[in-house]
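In my numbering, the protein residues as written are 9 to 145.
As structure tokens, this is what we get:
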């Protein structure tokens, strides 16, 4: 039996989609970190909180950014994930993507109007500017 089938059975039996707890904080974050895009979509369609906080990565968007999964990042952003949400090991999705060298995801997050001038991100903005200068040099 596939993971998606198991998830569907659990949901059909009334599993609480937004239960918090465990290493990943919730089902959405667990599916995200494992790269199960179909399950992410199912959970969101059934009402999972796209901005639920908790777990190792703080939220699903930070987990997807950390894993470098642009497809799931896009799904989460389309469902209203907060690109500025703080928490988790890396602090936010932008820092998680940057720490793993995921330039495409960094750009995706910046395109979604990340408030880059917030104090915790000023040094990162400066670094990204210097990095872009070096690349274009």
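Here a beta-carbon is modelled for each residue, glycine too, at the ideal position from N, C-alpha and C.
Asked	Found
At the level of alpha carbons, what is the spacing between residue 25 and residue 76?	24 Å
For the alpha helix (DSSP H) holding residue 114, just list the boundary residues, first then last.	111 to 119
Measure the alpha-carbon distance for residue 151 versus residue 83 and round it to whole angstroms.	Coverage of the chain is limited to positions 9 through 145, which leaves residue 151 absent and any answer about it impossible.
Determine the extent of the alpha helix (DSSP H) in which residue 108 is found, giving its start and end residues.	Segment: none, residue 108 is in no alpha helix (DSSP H) and carries neither H nor E.
Return the chain-ordered ranges of every alpha helix (DSSP H) run that is complete within the region 49 to 108 and spans a minimum of 4 residues.	68 to 75, 78 to 86 and 101 to 107
Shortest alpha-carbon distance to residue 64 belongs to which of 17, 34, 80 and 18?	34
Once the 5 residues before and after residue 114 are set aside, which same chain residues still bring their CB inside 7 Å of it?	102, 105 and 106
CA-CA distance, residue 80 and residue 108?	16 Å
Rounded to the nearest angstrom, what separates residue 38 and residue 85 at their Cα positions?	17 Å
When DSSP labels each residue in this structure, what does residue 28 get in the three-state scheme?	coil
Among 66, 53, 95 and 29, which one has its Cα closest to the Cα of residue 87?	53
Do residue 71 and residue 41 have their beta-carbon atoms positioned less than 8 Å apart in this structure?	yes
Looking at the unbroken alpha helix (DSSP H) that takes in residue 38, where does it start and where does it end?	35 to 42
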